[in-house]
Amino acid sequence: MSQEACPPRIEWSVEFTAHPEEVATLRRAVRLCLAAWNLNGLVDAAQLCVSELVSNVVTHVGLGTPGSLAVSVNGAYLRIEVHDPDTRALPALVTADIDAEGGRGMALVEALTARWGVQLHEDRKVTWCELATGLAPSAGHPVDPSVSRAEALLDMYATLRPPTCRYEPGLGRVGRTVAEESVIDVVTDFLRWLNAHGCDADDVLDRAQSRYEATSSGSRR
130 MSQEACPPRI EWSVEFTAHP EEVATLRRAV RLCLAAWNLN GLVDAAQLCV
180 SELVSNVVTH VGLGTPGSLA VSVNGAYLRI EVHDPDTRAL PALVTADIDA
230 EGGRGMALVE ALTARWGVQL HEDRKVTWCE LATGLAPSAG HPVDPSVSRA
280 EALLDMYATL RPPTCRYEPG LGRVGRTVAE ESVIDVVTDF LRWLNAHGCD
330 ADDVLDRAQS RYEATSSGSR R
(Lines of atoms letter the chains of each structure in order from A and count residues from 1; the text may use other names and numbers.)
(Lines give C-alpha, C1' and ligand atoms only; values in the text may rest on other atoms or scores of the structure.)
Protein backbone atom coordinates (compact mmCIF):
# COMPACT_ATOMS: atom_id res chain seq x y z
CA MET A 1 0.00 0.00 0.00
CA SER A 2 1.44 3.35 -1.00
CA GLN A 3 1.79 6.15 1.52
CA GLU A 4 -0.77 8.92 1.49
CA ALA A 5 0.74 12.02 -0.09
CA CYS A 6 1.50 14.95 2.17
CA PRO A 7 -0.46 18.11 1.30
CA PRO A 8 1.34 21.29 0.21
CA ARG A 9 2.86 23.36 2.99
CA ILE A 10 0.24 24.54 5.47
CA GLU A 11 0.96 26.62 8.53
CA TRP A 12 -0.62 28.34 11.50
CA SER A 13 0.84 30.73 14.06
CA VAL A 14 -0.24 32.74 17.08
CA GLU A 15 1.39 35.24 19.42
CA PHE A 16 1.38 34.72 23.18
CA THR A 17 2.63 36.26 26.40
CA ALA A 18 4.66 33.96 28.65
CA HIS A 19 2.39 32.98 31.55
CA PRO A 20 1.71 29.46 32.89
CA GLU A 21 -1.99 29.68 32.00
CA GLU A 22 -1.10 30.32 28.36
CA VAL A 23 0.28 26.78 28.05
CA ALA A 24 -3.16 25.16 28.31
CA THR A 25 -4.62 27.63 25.82
CA LEU A 26 -1.87 26.89 23.28
CA ARG A 27 -2.28 23.14 23.78
CA ARG A 28 -5.98 23.39 22.94
CA ALA A 29 -5.25 25.53 19.89
CA VAL A 30 -2.72 22.98 18.59
CA ARG A 31 -5.23 20.15 19.09
CA LEU A 32 -7.83 22.00 17.00
CA CYS A 33 -5.23 22.86 14.38
CA LEU A 34 -4.05 19.27 13.95
CA ALA A 35 -7.61 17.97 13.88
CA ALA A 36 -8.31 20.34 10.98
CA TRP A 37 -5.24 18.96 9.18
CA ASN A 38 -6.27 15.32 9.82
CA LEU A 39 -3.20 14.73 12.00
CA ASN A 40 -5.04 13.50 15.08
CA GLY A 41 -2.43 10.83 15.72
CA LEU A 42 0.17 13.51 16.50
CA VAL A 43 -1.96 15.53 18.92
CA ASP A 44 -0.62 14.07 22.18
CA ALA A 45 3.05 14.33 21.21
CA ALA A 46 2.60 17.79 19.70
CA GLN A 47 0.81 19.09 22.81
CA LEU A 48 3.58 17.78 25.06
CA CYS A 49 6.22 19.47 22.90
CA VAL A 50 4.32 22.76 22.94
CA SER A 51 4.01 22.52 26.74
CA GLU A 52 7.74 22.02 27.18
CA LEU A 53 8.89 24.67 24.69
CA VAL A 54 6.51 27.34 25.95
CA SER A 55 7.19 26.45 29.59
CA ASN A 56 10.90 26.96 28.88
CA VAL A 57 10.14 30.54 27.86
CA VAL A 58 8.08 31.09 31.01
CA THR A 59 10.73 29.58 33.30
CA HIS A 60 14.02 30.58 31.72
CA VAL A 61 13.24 33.79 29.82
CA GLY A 62 10.66 35.28 32.16
CA LEU A 63 7.00 35.95 32.87
CA GLY A 64 5.40 38.39 30.50
CA THR A 65 7.88 37.73 27.68
CA PRO A 66 6.25 38.15 24.26
CA GLY A 67 6.53 35.09 22.08
CA SER A 68 4.92 33.26 19.22
CA LEU A 69 4.06 29.68 18.35
CA ALA A 70 4.16 28.46 14.75
CA VAL A 71 3.01 25.05 13.52
CA SER A 72 3.43 23.85 9.96
CA VAL A 73 3.43 20.73 7.79
CA ASN A 74 6.05 20.65 5.08
CA GLY A 75 7.10 17.42 3.45
CA ALA A 76 6.70 14.48 5.80
CA TYR A 77 7.15 16.41 9.06
CA LEU A 78 5.06 18.48 11.42
CA ARG A 79 7.22 21.38 12.60
CA ILE A 80 6.63 23.23 15.87
CA GLU A 81 8.45 26.51 16.51
CA VAL A 82 8.47 28.72 19.59
CA HIS A 83 9.94 32.21 19.08
CA ASP A 84 11.17 34.42 21.93
CA PRO A 85 13.44 37.51 22.15
CA ASP A 86 16.18 36.07 24.41
CA THR A 87 19.17 34.74 22.44
CA ARG A 88 21.12 33.85 25.60
CA ALA A 89 18.81 31.38 27.38
CA LEU A 90 19.39 28.31 25.20
CA PRO A 91 17.58 25.03 25.88
CA ALA A 92 19.81 22.02 26.41
CA LEU A 93 19.61 18.34 27.25
CA VAL A 94 20.54 17.68 30.86
CA THR A 95 20.65 14.59 33.02
CA ALA A 96 18.11 15.14 35.77
CA ASP A 97 18.20 13.25 39.08
CA ILE A 98 15.19 11.06 39.78
CA ASP A 99 14.06 13.42 42.56
CA ALA A 100 14.64 16.61 40.57
CA GLU A 101 11.61 18.83 40.02
CA GLY A 102 12.78 19.94 36.56
CA GLY A 103 15.37 19.35 33.89
CA ARG A 104 13.56 16.68 31.90
CA GLY A 105 11.80 18.97 29.42
CA MET A 106 14.15 18.80 26.44
CA ALA A 107 14.85 15.12 27.12
CA LEU A 108 11.13 14.55 26.62
CA VAL A 109 11.17 16.57 23.39
CA GLU A 110 14.20 14.55 22.25
CA ALA A 111 12.33 11.30 22.90
CA LEU A 112 9.11 12.36 21.18
CA THR A 113 10.46 13.99 18.04
CA ALA A 114 12.47 13.08 14.95
CA ARG A 115 14.78 16.05 15.58
CA TRP A 116 14.94 19.40 17.33
CA GLY A 117 17.20 22.42 17.44
CA VAL A 118 17.64 26.14 18.03
CA GLN A 119 18.05 28.89 15.44
CA LEU A 120 19.57 32.19 16.57
CA HIS A 121 18.69 35.49 14.92
CA GLU A 122 19.84 39.00 15.79
CA ASP A 123 16.62 39.77 17.67
CA ARG A 124 15.23 36.39 18.70
CA LYS A 125 15.73 32.67 18.93
CA VAL A 126 13.56 29.92 17.53
CA THR A 127 13.37 26.60 19.36
CA TRP A 128 11.92 24.01 17.00
CA CYS A 129 11.13 20.34 16.79
CA GLU A 130 9.75 18.06 14.09
CA LEU A 131 7.44 15.06 14.33
CA ALA A 132 7.22 12.52 11.51
CA THR A 133 3.72 12.50 10.03
CA GLY A 134 4.00 9.16 8.25
CA LEU A 135 2.88 10.87 5.04
CA ALA A 136 4.84 10.70 1.81
CA PRO A 137 6.66 13.90 0.81
CA SER A 138 4.77 16.25 -1.49
CA ALA A 139 5.20 15.58 -5.19
CA GLY A 140 8.09 17.52 -6.65
CA HIS A 141 9.76 18.03 -3.24
CA PRO A 142 11.80 14.87 -2.49
CA VAL A 143 13.56 14.79 0.85
CA ASP A 144 17.35 14.39 0.54
CA PRO A 145 18.62 12.77 3.77
CA SER A 146 22.03 14.41 3.28
CA VAL A 147 20.46 17.87 3.13
CA SER A 148 18.32 17.12 6.19
CA ARG A 149 21.38 15.98 8.14
CA ALA A 150 23.30 19.10 7.10
CA GLU A 151 20.44 21.38 8.20
CA ALA A 152 20.22 19.59 11.56
CA LEU A 153 24.01 19.93 12.00
CA LEU A 154 23.91 23.67 11.24
CA ASP A 155 21.07 24.16 13.73
CA MET A 156 22.97 22.24 16.40
CA TYR A 157 26.21 24.09 15.59
CA ALA A 158 24.42 27.42 16.09
CA THR A 159 23.90 26.62 19.77
CA LEU A 160 27.69 26.52 20.20
CA ARG A 161 28.37 29.84 18.47
CA PRO A 162 27.82 33.44 19.63
CA PRO A 163 24.35 34.81 18.71
CA THR A 164 24.15 35.79 15.03
CA CYS A 165 21.81 35.67 12.07
CA ARG A 166 20.81 32.07 11.49
CA TYR A 167 20.06 30.28 8.28
CA GLU A 168 16.42 30.05 7.23
CA PRO A 169 15.56 28.44 3.87
CA GLY A 170 14.12 30.86 1.34
CA LEU A 171 15.43 34.11 2.77
CA GLY A 172 17.00 35.20 -0.50
CA ARG A 173 20.54 36.45 -1.14
CA VAL A 174 21.21 37.62 2.43
CA GLY A 175 19.99 34.35 3.89
CA ARG A 176 22.12 32.35 1.48
CA THR A 177 25.19 34.42 2.37
CA VAL A 178 24.64 33.78 6.08
CA ALA A 179 24.12 30.08 5.37
CA GLU A 180 27.36 29.91 3.40
CA GLU A 181 29.29 31.57 6.24
CA SER A 182 27.83 29.03 8.69
CA VAL A 183 28.92 26.16 6.45
CA ILE A 184 32.42 27.67 6.16
CA ASP A 185 32.63 27.88 9.96
CA VAL A 186 31.64 24.20 10.28
CA VAL A 187 34.11 23.04 7.63
CA THR A 188 36.91 25.14 9.15
CA ASP A 189 36.35 23.62 12.57
CA PHE A 190 36.37 20.11 11.11
CA LEU A 191 39.63 20.84 9.30
CA ARG A 192 41.16 22.00 12.58
CA TRP A 193 39.91 18.82 14.24
CA LEU A 194 41.54 16.71 11.52
CA ASN A 195 44.81 18.61 11.92
CA ALA A 196 44.72 18.24 15.71
CA HIS A 197 44.37 14.47 15.31
CA GLY A 198 47.16 14.12 12.76
CA CYS A 199 44.88 13.47 9.77
CA ASP A 200 45.54 14.61 6.20
CA ALA A 201 42.93 17.34 5.71
CA ASP A 202 43.65 17.69 1.97
CA ASP A 203 43.08 13.97 1.45
CA VAL A 204 39.79 14.11 3.36
CA LEU A 205 38.64 17.10 1.28
CA ASP A 206 39.53 15.31 -1.95
CA ARG A 207 37.62 12.20 -0.88
CA ALA A 208 34.63 14.28 0.18
CA GLN A 209 34.62 16.09 -3.19
CA SER A 210 34.81 12.78 -5.05
CA ARG A 211 31.94 11.33 -3.03
CA TYR A 212 29.85 14.48 -3.56
CA GLU A 213 30.41 14.39 -7.33
CA ALA A 214 29.58 10.67 -7.48
CA THR A 215 26.34 11.01 -5.49
CA SER A 216 25.33 14.18 -7.33
CA SER A 217 25.76 12.62 -10.76
CA GLY A 218 23.85 9.56 -9.60
CA SER A 219 20.89 11.62 -8.39
CA ARG A 220 20.62 13.41 -11.75
CA ARG A 221 20.18 10.21 -13.74
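Numbering-wise, the numbering used here comes out as the position in the sequence shown, counting from 1, plus 129. The beta carbon of each residue, even a glycine, is placed where N, CA and C say it ideally should be.
Quiz item: Could you give the C-beta distance for residue 243 and residue 260, rounded to a whole number, given that I count them as a contact under 8 Å?
Solution: Numbered from its first residue, the sequence shown carries residue 243 at position 114. Numbered from its first residue, the sequence shown carries residue 260 at position 131. Correct: roughly 6 Å between the Cβ atoms.
* Asked: For residue 150, which of helix, strand or coil comes out of DSSP?
  -> As a position in the sequence shown, residue 150 is number 21, starting the count at 1. Here residue 150 sits in helix by DSSP.
- Kindly give me the distance between the Cβ atoms of residue 181 and residue 234, rounded to whole angstroms, as I take these residues to be in contact under 8 Å. Here residue 181 corresponds to residue number 52 of the sequence shown, with the count starting at 1. Here residue 234 corresponds to residue number 105 of the sequence shown, with the count starting at 1. Approximately 4 Å separates the beta-carbon atoms of residue 181 and residue 234; this is inside 8 Å, confirming the contact.
Span separating the alpha-carbon of residue 192 from that of residue 171: Taking the sequence shown and counting its residues from 1, one reaches residue 192 at position 63. Taking the sequence shown and counting its residues from 1, one reaches residue 171 at position 42. Their backbone Cα atoms lie some 29 Å apart in a straight line.
- Message: Can you tell me whether residue 239 is helix, strand or coil according to DSSP?
- Response: Residue numbering aside, residue 239 sits at position 110 when the sequence shown is read from its first letter. In the structure shown, residue 239 sits in a helix (DSSP, three-state: H, G or I).
**Prompt:** So which of 326, 148, 155 and 167 has the shortest CA-CA distance to residue 142?
**Reply:** Residue 142 sits at position 13 when you count from the first residue of the sequence shown. With distances taken between Cα atoms, residue 142 lies closest to 155.
**Asked** Of the choices 168, 166, 187 and 173, whose alpha-carbon is the least far from that of residue 150?
**Response** Residue mapping note: residue 150 aligns to position 21 of the sequence shown, counting from 1. Of the listed residues, the one whose Cα sits closest to residue 150 is 187.
Beta-carbon separation of residue 202 and residue 166 under 9 Å? Counting from one through the sequence shown, the residue named residue 202 turns up at place 73. Counting from one through the sequence shown, the residue named residue 166 turns up at place 37. The answer is yes: Cβ separation under 9 Å.
Margin query: At the level of alpha carbons, what is the spacing between residue 331 and residue 157?
Written below: What you label residue 331 is simply residue 202 of the sequence shown in a count that begins at 1. What you label residue 157 is simply residue 28 of the sequence shown in a count that begins at 1. When rounded, the distance between both Cα atoms is 54 Å.
Notebook entry, point to check: So the beta strand (DSSP E) residue 258 belongs to, where does it begin and stop?
Noted result: The residue given as residue 258 occupies position 129 in the sequence shown. That run of the beta strand (DSSP E) goes 254 to 261.
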